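Number 258 in numbering that gives the first Met the number 0 belongs to position 259 of the sequence shown; there are no gaps in the numbering.
Every residue gets a Cβ at the ideal spot worked out from N, C-alpha and C, and that includes glycine.
Because the structure is a prediction, the values reported are computed rather than measured.
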Amino acid sequence: MAEVTATMVRELREITGLGMMECKKALVETGGDLKSAEDLLRIKSGAKANKAAGRVAAEGVIGAYLAADGKTAALVEVNCETDFVAKNSDFLEFASTLAQLVANDDPADVAALSALGLESGTVETRRQALVQKIGENLSIRRFHRLHTGAKLAQYLHGVKIGVLIEFEGEDEVGKDLAMHIAFARPQYMSRDQVSPDALARERDVLAARARESGKPANIAEKMVEGGMNKFLGEITLLGQAFVKDDKLTVEKMLAAKHAKLLSYKFFVAGEGIEKKASDFAAEVAAQAKAATS
Numbered sequence: 000m001a002e003v004t005a006t007m008v009r010e011l012r013e014i015t016g017l018g019m020m021e022c023k024k025a026l027v028e029t030g031g032d033l034k035s036a037e038d039l040l041r042i043k044s045g046a047k048a049n050k051a052a053g054r055v056a057a058e059g060v061i062g063a064y065l066a067a068d069g070k071t072a073a074l075v076e077v078n079c080e081t082d083f084v085a086k087n088s089d090f091l092e093f094a095s096t097l098a099q100l101v102a103n104d105d106p107a108d109v110a111a112l113s114a115l116g117l118e119s120g121t122v123e124t125r126r127q128a129l130v131q132k133i134g135e136n137l138s139i140r141r142f143h144r145l146h147t148g149a150k151l152a153q154y155l156h157g158v159k160i161g162v163l164i165e166f167e168g169e170d171e172v173g174k175d176l177a178m179h180i181a182f183a184r185p186q187y188m189s190r191d192q193v194s195p196d197a198l199a200r201e202r203d204v205l206a207a208r209a210r211e212s213g214k215p216a217n218i219a220e221k222m223v224e225g226g227m228n229k230f231l232g233e234i235t236l237l238g239q240a241f242v243k244d245d246k247l248t249v250e251k252m253l254a255a256k257h258a259k260l261l262s263y264k265f266f267v268a269g270e271g272i273e274k275k276a277s278d279f280a281a282e283v284a285a286q287a288k289a290a291t292s
């Protein structure tokens, strides 16, 4: 059996939002398997799936650009080491400039973007100059470009969340939908895009929870189906309650407005990047020891 470490317990706690002792017990019961421990806690406590899926674990900003004709747009994520630098005007300008370059030049990847001309050099030489000026490592992580014959809408929530959608309909629908996505952060557009593995895992958890309830088989089956519908409504954009009118799903809102969503993309700065954890007390102690040695 794998050793259950404090790091494992902390990670499970961040995923489920449950107490340290509950998480430790679940890890012990499942032999240190994080995914199995998460499922066990969800069966026993009703905790939602992967609370930490949207956790931002590094610093950075989202640069955005929408062409004047409304047919081409781009999002770019640029990362830094501290939130302080994420507010630096030179850094913010760099991210916005990159978004415009992506929209206009359509580079194949980050390497191609880095090689594009900028000012008297390239994007990469400008990045290096900023590193020297600011004193922190800066990196271009990813970008997304859209060019369409339909309509585009873009929304930036501060500098941390950027949304880009391709749609048909009134301009107001595009704006409202982009803001909804920034708030709700859907994992999928529609039910048919959810992977079979994700569906099977959720159904297994719901079935186990229904069995533990002691309800008759026919009631337990309805509990599972109801739970699946709720799950799909939470993770799919079209199934989510519309943020401006929770009596409507996004799908029904679009139908009422005679609008159609073609595609969307959103970036959350730092999402999925684990920031190095530091033990401040240990660092102070180490520095004190070094100063006296």
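According to the neighbour-count rule (16 or more other Cβ atoms, all chains shown, within 10 Å of its Cβ), is residue i buried or exposed?
i	result
residue 203	exposed
residue 131	exposed
residue 239	buried
residue 37	buried
residue 201	buried
residue 105	exposed
residue 173	buried
residue 2	exposed
residue 76	buried
residue 218	exposed
Name the two residues that bound the continuous beta strand (DSSP E) containing residue i.
i	result
residue 224	Element bounds for residue 224: not the beta strand (DSSP E) but the alpha helix (DSSP H), 216–234.
residue 95	It is not in any beta strand (DSSP E) - residue 95 instead sits in the alpha helix (DSSP H) that spans 88–104.
residue 248	244–248
With residue i and residue j assumed to form a contact (beta carbons below 8 angstroms), what rounded beta-carbon distance in angstroms separates them?
i	j	result
residue 90	residue 42	At roughly 45 angstroms, the Cβ-Cβ gap does not stay under 8 angstroms, so residue 90 and residue 42 are not in contact.
residue 265	residue 179	About 11 angstroms separates the two Cβ atoms, so there is no contact after all.
residue 299	residue 175	There is simply no residue 299 to check, as the chain begins at 0 and stops at 292 in what is shown.
Specify the secondary structure class of residue i as computed by DSSP and reduced to three states.
i	result
residue 142	strand
residue 153	strand
residue 17	coil
residue 78	strand
residue 272	coil
residue 158	coil
residue 85	helix
residue 27	helix
residue 71	strand
residue 193	coil
residue 293	The structure shown does not extend to residue 293, since the chain spans only 0 to 292, so no value can be given for it.
Any heavy atom of the ligand COA closer than 7 angstroms to the beta-carbon of residue i?
i	result
residue 197	Of ligands this structure carries none, so the ligand COA is not represented either.
The alpha helix (DSSP H) with residue i in it runs from where to where?
i	result
residue 182	170–183
Handout entry: Cβ contact (3+ pairs, closer than 8 angstroms) linking the stretch 71–85 and the stretch 137–146
Key = Touching, yes.
Between the stretch 160–173 and the stretch 249–265, can you find at least three pairs of beta-carbon atoms closer than 8 angstroms? Yes: the two stretches touch, three or more of their Cβ pairs being nearer than 8 angstroms.
At least three beta-carbon pairs within less than 8 angstroms, the stretch 223–234 to the stretch 180–192:
Counting Cβ pairs under 8 angstroms, three or more are found: they touch.
Are the stretch 26–34 and the stretch 110–125 touching by the rule of at least three beta carbon pairs closer than 8 angstroms?
Contact fails: fewer than three Cβ-Cβ distances are below 8 angstroms.
Touch test, the stretch 98–105 against the stretch 61–68, Cβ-Cβ under 8 angstroms, three pairs minimum
Verdict: yes, contact present.
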